[in-house]
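Enquirer: First the structure, which I've put down as structure tokens, then a few questions once you've had a look.
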């Protein structure tokens with residue numbers, strides 16, 4: 006007889022078949038009985054054949070796959086919560102590869118005191134074959150009260166707080182906004198040091214710049230929504246959506262210089278000559294400029 010599911014792992018995904026496969030293979034090798042957890046994959050409008058890949062893996066835990074038209078991470082996670090059988094929910098991203106104690110570590114913390122949000126460390130790696138070789142750092146734990154890269158919580162609290170706001174249809178801020186509502190339930194944020202998620206971090210290439218800029222634009226547009234819902238001073242500072250900061254952004258990116266042909270040539274030169282610190286500095290301003298454009302579009 007199948008034992009009752011204790012935990013449901015919710016993974017939104019979109020066109021990341023290769024890394025999602027590694028994510029699922031890691032979740033298939035857990036120290037806990039596979040009957041105690043399920044994996045729910047919400048495919049947010051992929052053009053890749055994600056379902057066939059999942060079926061080919063013959064995973065031990067129960068798998069639920071659901072396809073939806075592209076609607077964003079908030080709606081994807083809400084859909085996963087709706088399908089979840091588990092008393093507790095783990096949220097991870099589709100580019101997270103976990104260690105073998107991941108599920109058990111989350112569950113132990115939740116069983117010890119379920120009025121908590123449990124966070125595991127997210128360690129950046131560019132080595133998919135041996136992700137655990139990546140160095141651990143103090144900043145591996147998110148400073149956010151609720152961050153969906155590696156977190157778990159009792160399902161009833163998600164419902165009590167009203168679930169994710171589905172108006173966040175693009176990348177950014179939906180978990181922080183939800184975290185503010187969860188905080189009102191007097192939950193405590195705790196750490197599970199052994200619930201490790203290794204996050205794939207690609208080596209930089211100038212070819213990635215269009216994707217980087219688009220992501221920052223989305224984050225800027227969603228920042229306006231976050232501010233409109235929570236126009237507090239802390240949100241103004243975190244989103245930069247405050248008149249003095251907006252003026253400063255305009256000054257720092259005056260003349261739209263981060264988009265100039267000279268800047269693009271400079272990035273290519275710095276990259277080809279391994280001048281990485283200088284390149285990171287210039288890319289920071291390119292991202293800042295795109296984020297400012299997103300703020301203006303959102304407004």
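Numbering (the working numbering), first residue to last: 6 to 304.
Yeah, the Cβ is synthetic: ideal placement off N, Cα and C, and Gly gets one too.
Remember, predicted model here, so these are calculated numbers, not experimental data.
Please specify which runs of the alpha helix (DSSP H), each continuous and at least 4 residues long, are wholly inside the stretch 116–198, giving them in chain order.
Expert: Counting only runs of 4 or more, we get 160–165, 179–188.
Enquirer: Say the cut is 7 Å; is the CB of residue 167 nearer than that to a heavy atom of the ligand MG?
Expert: The model on display carries no ligand, and the ligand MG is accordingly not part of it.
Enquirer: Tell me whether the stretch 68–79 and the stretch 164–179 touch, counting them as touching only if at least three CB pairs, one residue from each stretch, are closer than 8 Å.
Expert: Yes: the two stretches touch, three or more of their Cβ pairs being nearer than 8 Å.
Enquirer: Leaving out the 5 sequence neighbours to the left and right, which residues in its chain are closer than 6 Å to residue 6 when beta-carbon positions are compared?
Expert: With a pLDDT of 38 at residue 6, under the threshold of 50, the modelled position of this residue cannot be trusted, and the question is left open.
Enquirer: Tell me the residue span of the alpha helix (DSSP H) that contains residue 73.
Expert: Taken as a continuous stretch (DSSP letters only), residue 73 belongs to no alpha helix (DSSP H), being part of the beta strand (DSSP E) at 67–73.
Enquirer: In the stretch 38–64, which residue ranges form an unbroken beta strand (DSSP E) of at least 3 residues, counting only runs that do not cross its ends?
Expert: Fully enclosed beta strand (DSSP E) runs of 3 or longer: 42–49.
Enquirer: Can you tell me whether residue 236 is buried or exposed, with buried defined as 16 or more other CB within 10 angstroms of its CB?
Expert: So residue 236 counts as exposed.
Enquirer: My assumption, with CB atoms under 8 Å, is that residue 66 sits in contact with residue 43. Please give the rounded CB distance.
Expert: Indeed they touch by this definition, with Cβ atoms about 6 Å apart.
Enquirer: Taking DSSP as the reference, what is the three-state secondary structure of residue 245?
Expert: Residue 245: coil per DSSP, three-state reduction.
Enquirer: Report the rounded CA-to-CA distance for residue 241 versus residue 48, giving the unit in angstroms.
Expert: Computed Cα separation, rounded: 33 Å.
Enquirer: Grab me the residues of residue 52's own chain with a C-beta within less than 8 Å of its C-beta, minus the 5 sequence neighbours each way, in chain order.
Expert: Cβ neighbours of residue 52 beyond the five flanking positions: 20.
Enquirer: State buried or exposed for residue 252, treating a residue as buried only when at least 16 other CB atoms are found within 10 Å of its CB.
Expert: The residue is exposed, with fewer than 16 neighbouring Cβ atoms inside 10 Å.
Enquirer: Are there 16 or more other CB atoms within 10 angstroms of the CB of residue 147, so buried, or fewer, so exposed?
Expert: Label assigned to residue 147: buried.
Enquirer: Would you kindly work out how many angstroms separate the C-alpha atoms of residue 94 and residue 107, rounded to a whole number?
Expert: One C-alpha to the other measures close to 13 Å.
Enquirer: In terms of alpha-carbon separation, which member of 206, 231, 172 lies closest to residue 101?
Expert: Checking every option, the nearest Cα to that of residue 101 belongs to 206.
Enquirer: Which of helix, strand or coil does DSSP assign to residue 2?
Expert: What the structure shows of the chain is the stretch from 6 to 304, and residue 2 is not part of that stretch, so it cannot be assessed.
Enquirer: Note down, in chain order, each residue of its chain lying with its Cβ closer than 6 Å to the Cβ of residue 295, except the 5 sequence neighbours on either side.
Expert: Counting only Cβ-Cβ distances below 6 Å, and skipping sequence neighbours, we find 218, 221, 222.
Enquirer: Counting along the chain, where does the alpha helix (DSSP H) carrying residue 225 start and finish?
Expert: From DSSP, the alpha helix (DSSP H) with residue 225 extends over 214–234.
Enquirer: Looking at the structure shown, is residue 268 part of a helix, part of a strand, or coil, going by DSSP?
Expert: Three-state result, residue 268: helix.
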